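Reviewing the structure listed below.
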Amino acid sequence: MQTWASISMLLCIFGFFRELRPSEPFVTEFLTSDFRNITSEQLNRLVYPFGTYAVFAQLILVFLLTDMLRYKPIIILSACAGIALFAILLWTRKIWELLIGQIFYGTFMASEVAYYTYIYAKVEKEHYQIVTGHTRAAILCGRFLAGVLAQILISTESMNYRQLHYISFGLQVVSFFVSVTLPPVKQSVYFYRIDDKEDHGRELAINASEPIKGTFAWRKAFKLLMKHAISGYTNATVIKWSIWWLLATAGQLQVISYAQILWKEIKGSESTYNGGVEAAATLLGAGGALAAAGAKIATQLCDDSFGLIFGINTFLALAVQSLLTILVATDTLGILLWVFLDTKTSLSVLSSASERVKLLTSISTSFSKSTSSLPPTSINSLEAISLRGNISHAIKFDKIKKEKGHCSTEITFIKIKMNKEPTPRNEEEQATYTKKINV
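Note that this note's numbering has the sequence shown beginning at 1, numbered continuously upward.
Listed below in structure tokens is the structure:
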């Protein structure tokens, strides 16, 4: 027989190792270093936004699958996604491979909902408050220790950024083995719910040595989903808590995603304190775990709907973050995708422009930043394409040279009326001019 305390402890061990990723505070430094040679502009406008959208796109599906598959398989999937993510970060070089890694990042983050909701299918409602505090505290402890460990290893020069990723990779493997040992859930809140006739009290199904198995019923599941959602969001206390929670979470995720890029722009010190800052921020957030342990939100919800409300709030928080990303980070209304064609360098930069002068100015500035750290022979040419409706702006860089830290190139600008193929239909639709720049 497994008590609620032992199950909670095992789940917390998984959560602790899952979040113990010392590479996290220095991931931007790693990606922009010689190990990966990705530009800050690429991270800001392509890689990180793609990761945000990947989480958002997978969350609802993962939430439903979590209940259908009864929690444990999704927790194991979370560990596998973490392993795949860090394997890609360590042993790939190209930008498209990094984007695939962001898909695994989306799975890794979206499946966090299984970690938080698993415990509600295994313990009585009277223990919800304390196990919520336990699971949240385990996450915060893992993040805090990760920040402290990372800062010590980097400050003492005991390890470099790449070696931190090896530690994170190994700890994800540990979390995988812990996830396998979690006791399976024979019933779930919605799709494998146990009827009251079969249950004779939920405690029998939870604590019995041979738990009663639930029966799959999707129609009842969706009816119950609607019932719980309506019940939860017609409660004034739950609504107020949900609004504050989703706004705070969206802001936190946005800051976490882009803070390291801003830190990188700070000049005047060769030392980096990313790990210390994130550890301090996590420590301050520990009060949230204590608040969760003493909160009365769970008691305001009917039956077992806490996991559903948490999932919906997380989805809405990611929706707000995705909106912020679209408005602030990617300039989606006019996207300029740069693709470096040289096989030695696979770089992509997102920017926007609506007029020719603005476009060329933006390209000149970004080109200078992108090539400032490259050796003279790294790139031979690059092309950029901006799609706005049925108009394509194509930019081609030729005769790229780098001497004494300065780059010079010849830019050809072509405005093309798009049909089905990105080629001009006639000479009148093609306007070309060349401008030499020194950057």
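Virtual Cβ for every residue (Gly too), placed ideally from N, Cα, C.
All values derive from a computational prediction rather than experimental measurement.
query: By DSSP, does ALA217 sit in helix, in strand, or in coil?; result: coil
query: Touching or not, the region 160-171 and the region 20-29, by the rule of three or more beta carbon pairs under 8 Å?; result: yes
query: By Cβ distance below 7 Å, which residues in the same chain neighbour ASN313 in space, the five residues on each side in sequence not counted?; result: SER242, TRP245 and LEU246
query: With a CB to CB cut of under 6 Å and the five nearest residues on each side skipped, what residues in its chain are close to MET109?; result: VAL55
query: By the 10 Å Cβ neighbour count, where 16 or more other Cβ atoms means buried, how is ARG136 classified, buried or exposed?; result: buried
query: Only counting runs of 4 or more residues, tell me where the alpha helix (DSSP H) segments fall wholly within the region 45-129, in order along the chain.; result: 48-68, 72-91, 95-110 and 112-118
query: Along the alpha helix (DSSP H) that carries LYS264, what are the first and last residues, could you check?; result: 236-265
query: Between ILE152, ILE88, MET68 and TRP91, which lies nearest to TYR273 when the distance is taken from Cα to Cα?; result: ILE152
query: In terms of residue numbering, what span does the alpha helix (DSSP H) encompassing SER305 cover?; result: From DSSP, SER305 is part of no alpha helix (DSSP H); its letter is neither H nor E.
query: How would you call ALA150, buried or exposed, if buried means at least 16 neighbouring beta carbons within 10 angstroms?; result: buried
query: VAL47 and GLN129: beta carbons closer than 9 Å?; result: no
query: Would you check if the distance between the CB atom of ALA146 and the CB atom of GLY275 is smaller than 9 Å?; result: yes
query: Does THR282 come out as helix, strand or coil in the three-state DSSP assignment?; result: helix
query: At the level of alpha carbons, what is the spacing between LYS417 and SER257?; result: Any reading at LYS417 must be qualified, since the residue scores a pLDDT of 38, below 50, and its modelled position is unreliable; no value is offered.
query: DSSP three-state label for MET159, please.; result: coil
query: VAL131: which of ASN37, LEU11 and VAL255 sits nearest, CA to CA?; result: LEU11
query: Please name the residue, chosen from ARG162, PHE104 and LEU253, that lies closest to ALA317 on a Cα-to-Cα basis.; result: LEU253
query: Within the same chain, show all residues whose beta-carbon is closer than 8 Å to that of THR282, passing over the 5 residues directly before and after it, in chain order.; result: LEU140, ARG143, PHE144 and GLY147
query: DSSP three-state label for GLN187, please.; result: coil
query: Alpha carbon to alpha carbon, how far is LYS264 from GLU29? Give it in angstroms, no decimals.; result: 8 Å
query: Do you know offhand how far SER175's Cα is from ILE76's?; result: 9 Å
query: Between ILE446 and the rest of its own chain, which residues show a CB-CB distance below 7 Å, the 5 nearest in sequence each way excluded?; result: Beyond the ends of the chain as shown, which are 1 and 439, falls residue 446; an answer cannot be given.
query: Indicate whether VAL178 and SER305 have their beta-carbon atoms separated by less than 9 Å.; result: no
query: Compare the C-alpha of ILE7 against each of ALA87, ALA236, LEU85 and VAL123 and name the closest.; result: VAL123
query: Find out if the Cβ-Cβ distance for the pair VAL185, LYS72 is shorter than 9 Å.; result: yes
query: Rounding to the nearest angstrom, what Cα-Cα distance links PHE86 and GLU126 in this structure?; result: 38 Å
query: Let me confirm a value: ASP67 is counted as buried when at least 16 other C-beta atoms fall within 10 Å, else exposed. Which label applies?; result: buried
query: Could you pull the start and end residues of the alpha helix (DSSP H) that ILE7 belongs to?; result: 4-19
query: So what's SER351 in DSSP terms, helix, strand or just coil?; result: Confidence in SER351 is poor, its pLDDT being 36 and thus under 50, which makes the residue's placement unreliable; the coordinate value appears in the next sentence. In the structure shown, SER351 sits in a strand (DSSP, three-state: E or B).
query: Contact criterion: CB-CB distance below 9 Å. Does ALA317 meet it with respect to chain E?; result: The chain inventory of the structure shown lacks chain E, comprising one protein chain alone.
query: To the nearest angstrom, report how far apart ILE74 and ALA114 are at their CA atoms.; result: 6 Å
query: Measuring CA to CA, which of GLY311, LEU224 and PHE14 is closest to HIS134?; result: PHE14
query: Would you call VAL238 buried or exposed, if buried means 16 or more other Cβ atoms sit within 10 Å of its Cβ?; result: buried
query: In three-state DSSP terms, what is LEU316?; result: helix
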